[in-house]
Amino acid sequence: MSSEVFEPFIIDLQERLDVTRKEINSIRESYLTARAEMVSPQEIDKNRSRRRWLRATNAFGQNTAKIAALEAQYAQGVSPPLTTAPGLAKPATTV
2 MSSEVFEPFI IDLQERLDVT RKEINSIRES YLTARAEMVS PQEIDKNRSR
52 RRWLRATNAF GQNTAKIAAL EAQYAQGVSP PLTTAPGLAK PATTV
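According to my numbering, the sequence shown is numbered sequentially starting from 2.
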């Protein structure tokens with residue numbers, strides 16, 4: 002048997018592997034980006050604790066501005082804008 006018979010198969014396989022490699026790299030980059038942008042649980046707990054303390058000691062409204070600032074900071078860190086991961090907006094390739 003000649004290797005020429007397998008050449009189209011090998012070329013097709015190489016093309017599919019290239020696509021798979023690119024998709025895996027795109028997923029990896031998306032994961033690393035999301036991970037880097039995450040707020041740590043310790044920071045969230047610290048923010049919540051500070052907010053509870055400010056509310057508990059806000060009998061005369063003296064902490065209202067600080068509470069609003071913490072709530073804005075919390076909202077920004079907890080719910081960042083949703084974006085499409087790079088490379089995932091494209092239709093999937095057929096294998």
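A virtual CB, placed ideally from N, CA and C, is assigned to each residue, including glycine.
When the beta-carbon positions are compared, Leu71 and Arg52 come within less than 7 Å of each other. In this chain, the alpha helix (DSSP H) harbouring Ala35 covers 8-38. By the 16-neighbour rule on beta-carbons within 10 angstroms, Leu55 is buried. The three-state secondary structure of Thr58, taken from DSSP, is coil. Excluding sequence positions up to five before and after Ile68, its CB lies within less than 7 Å of the CB of Arg52, Leu55, Arg56, Asn59, all in the same chain and listed in chain order.
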